[in-house]
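Here the protein sequences line up with chains A and B, keeping their order.
Sequential numbering from 185 applies to the first sequence in my numbering.
Sequential numbering from 185 applies to the second sequence in my numbering.
Protein chains: 2
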Amino acid sequence: MARKSGSHAEITGPRIRRAALSLFARYGYAAVSMRQIAAEVGVQAGALYLYVADKQALLFELMDAHMDSLMAAWEAVPKPNAPADRLRTFTDFHIAHHLERPDDLLLAYWELRSLTPDNHKAIAAKRRAYEAELEAILRAGHAEGVFRVPEARITAMAIIPMLNGCVGWYRSDGRLSVADVQVLYGRLVHGMVAPDPVPAPV
Amino acid sequence: MARKSGSHAEITGPRIRRAALSLFARYGYAAVSMRQIAAEVGVQAGALYLYVADKQALLFELMDAHMDSLMAAWEAVPKPNAPADRLRTFTDFHIAHHLERPDDLLLAYWELRSLTPDNHKAIAAKRRAYEAELEAILRAGHAEGVFRVPEARITAMAIIPMLNGCVGWYRSDGRLSVADVQVLYGRLVHGMVAPDPVPAPV
DNA sequence: TCTTGATATGAACGGTCGTTCAGATAACAC
DNA sequence: GTGTTATCTGAACGACCGTTCATATCAAGA
């Protein structure tokens, strides 16, 4: 046998990427074989190479596309001026974006080590650029005196894994909605950067 | 050739575990071969099976030993009564313990998925027991009115990945000491659970 | 010194890996 | 209806996988 009926490049290509994303996220890059990906798509392993240079390129393209889409989506978000509102906009965005793409987040944070040095460098740079957005908000709030963030970079690197954590426990059919999660984490982050409270009057 | 001079079970066994821990943490369980572990120890692959039933058991024993040592160490810590102090004791402990054992933390949080279902169940249970310690502190503080933690479980699951994050960026020869990290994260966590500040007097 | 048990080698097992490629078939242009 | 091209198969490649085992050597006790 050879070509299958109804086969199309513009269908098979994305299906390969979706299958790879899902399998990589669930079992890890190293634990997933090209044959498993092919089976998920309903195709033989050799067919994958019509669409992907090799396994490493497949991983890189998935991660790179995610970082680009993340950054583009964030840039498209209207941003208020006040640092507190801006911070809440960031956390809301980050949570919503990743709760809709949990597999992308898993890849972005678990599979950096599976990239070749060059690919690693490229993805890490994009990740730093994204984290710098949060850091800039923290610095602005600190400069205006509405935040108390003596270590903006470290605080950003504390906030982000905290936000990411929600992907681990959130269930779309659970008790909480995405908006609930946004409110909960929004309050937590707000507390982290709020200036010391005024002492209670005696 | 056969037995090497100076070989001893009580030396080779731990060396295998140390090498496996280090390699698993760096490259991931699935990406590391028994031959790589053996090479790191300076031994042939077959010799590993004098000390380990199989690769899966090796991973499980590493994770299980870590969870036991973590729990035992926490139980040995003297705990103040006031929830705020108790919370700070927990975050200090968690940070110090894991900054000294970064590989253990990486395994505990990245390789759960590499465990067989039975092994996964055992490790996940121990992890929940540890996280319950933090949750109990939050609940106690909330009950006493010194914390504002309407969702203790979720807050605990927000705090822990945040604390874990420090393992990703901390460098022992860097600008900050472990104590500095403890102070920084201690303040962040304190802000997360602090009740709404008293409004400033007009 | 001789024996015995602990410790390691190194070759081998069947299986799976990522990847390539000649050949076969379906879809499409004319 | 015919020829062309895009798409996929199925077999094959060498390499490496986890694991086993007969064999060899070292360490220690008698």
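Think of the CB as a built atom: it goes at the ideal place given N, C-alpha and C, for glycine as much as any other residue.
I'd like to know whether the C-beta atoms of Leu271/B and Ile321/B end up nearer to each other than 8 Å. yes
Tell me whether His192/A is buried or exposed, calling it buried when 16 or more other Cβ atoms sit within 10 Å of its Cβ. exposed
Grab me the residues of Val351/A's own chain with a C-beta within less than 6 Å of its C-beta, minus the 5 sequence neighbours each way, in chain order. For Val351/A, where only same-chain residues beyond five positions count, the Cβ hits under 6 Å are His282, Pro286 and Leu289.
Please say whether Ala203/A and Val225/A have beta carbons closer to each other than 8 Å? yes
C-alpha gap between Tyr211/A and Leu243/A, whole angstroms: 13 Å
Check whether the Cβ atoms of Glu315/A and Ile344/A sit closer than 8 Å, and answer yes or no. yes
With 16 other CB atoms within 10 Å as the buried threshold, where does Ala363/B fall? exposed
Three Cβ pairs or more, each shorter than 8 Å: is that satisfied between the stretch 250 to 257 of chain A and the stretch 236 to 254 of chain B? No, the stretch 250 to 257 of chain A is not in contact with the stretch 236 to 254 of chain B.
Can you check whether the CB of Asp276/B is closer than 8 Å to the CB of Gly370/B? Taking a C-beta distance under 8 Å as the contact criterion, Gly370/B and Asp276/B qualify as a contact pair.
Kindly indicate if chain A contains any beta-carbon less than 8 Å away from that of Thr300/B. no
Less than 8 Å separating the beta-carbons of Met218/A and Ala229/A? yes
Does DSSP classify His192/A as helix, strand or coil? coil
Cross-chain neighbours of Arg270/A in chain B, by beta carbon under 8 Å: Ordered by position in chain B, no residue passes the 8 Å Cβ test against Arg270/A, which lies about 18 Å from the chain.
Alpha-carbon to alpha-carbon, Gly197/A and Glu284/B: 45 Å
Gly329/A and Ala378/B closer than 8 Å at C-beta: no
Looking at chain B, which residues of the stretch 225 to 239 of chain A have a Cβ within less than 7 Å of any of its Cβ atoms? none
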